[in-house]
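Participant: Residue numbers (this note's numbering): 0 to 59.
Beta carbons: idealized from backbone N, C-alpha and C, even for Gly.
In this text the structure is predicted, and so the values were computed from the model without any measurement.
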Amino acid sequence: MGLFERIGRQVEQFKQTAKAEAERNAEYRCQACGERFEVDRDECPECGAEAVVARTDEEE
Ligand SMILES: [Zn+2]
Numbered sequence: 000m001g002l003f004e005r006i007g008r009q010v011e012q013f014k015q016t017a018k019a020e021a022e023r024n025a026e027y028r029c030q031a032c033g034e035r036f037e038v039d040r041d042e043c044p045e046c047g048a049e050a051v052v053a054r055t056d057e058e059e
């Protein structure tokens with residue numbers, strides 16, 4: 000495996016870890032597509048729906 004390929008994999012791994020961490024901390028969720036956010040938004044940046052709500056523990 001080449002050096003750059005190795006670095007690329009590490010970056011990819013880091014991004015996935017960061018994403019998982021962000022989703023764990025997320026307190027808001029889009030009811031339309033299920034995307035999660037750490038901040039409240041009027042519109043979901045993923046699907047554009049105005050369906051972002053605060054998560055509740057029962058949803059897990
Ligand atoms: Zn959405």
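At the level of alpha carbons, what is the spacing between Glu-45 and Arg-54?
Facilitator: For the purposes of this step, residue 45 is taken as residue 46 along the sequence shown, with counting starting at 1. For the purposes of this step, residue 54 is taken as residue 55 along the sequence shown, with counting starting at 1. Whole-angstrom Cα-Cα distance: 17 angstroms.
Participant: Can you give me the Cβ contacts of Phe-36 inside the same chain, cut-off strictly under 7 angstroms, excluding the 5 residues immediately before and after it?
Facilitator: In the sequence shown, the residue the question calls residue 36 occupies position 37. For Phe-36, where only same-chain residues beyond five positions count, the Cβ hits under 7 angstroms are Ala-25, Tyr-27 and Val-51.
Participant: Grab the span of the beta strand (DSSP E) containing Val-51 for me, first residue to last.
Facilitator: Stepping through the sequence shown from its first residue, residue 51 is reached at position 52. Note, Val-51: beta strand (DSSP E), 51-53.
Participant: Give every residue whose Cβ lies closer than 6 angstroms to any heavy atom of ligand 1, listed in chain order.
Facilitator: Counting every residue whose Cβ lies closer than 6 angstroms to a heavy atom of ligand 1, we get Cys-29, Ala-31, Cys-32, Glu-34, Cys-43, Glu-45, Cys-46 and Ala-48.
Participant: Since Glu-49 contacts Asp-41 with CB under 8 angstroms, what's their CB separation in whole angstroms?
Facilitator: If you number the sequence shown from 1, residue 49 lands on position 50. If you number the sequence shown from 1, residue 41 lands on position 42. Rounded, the Cβ-Cβ distance is 6 angstroms, consistent with contact.
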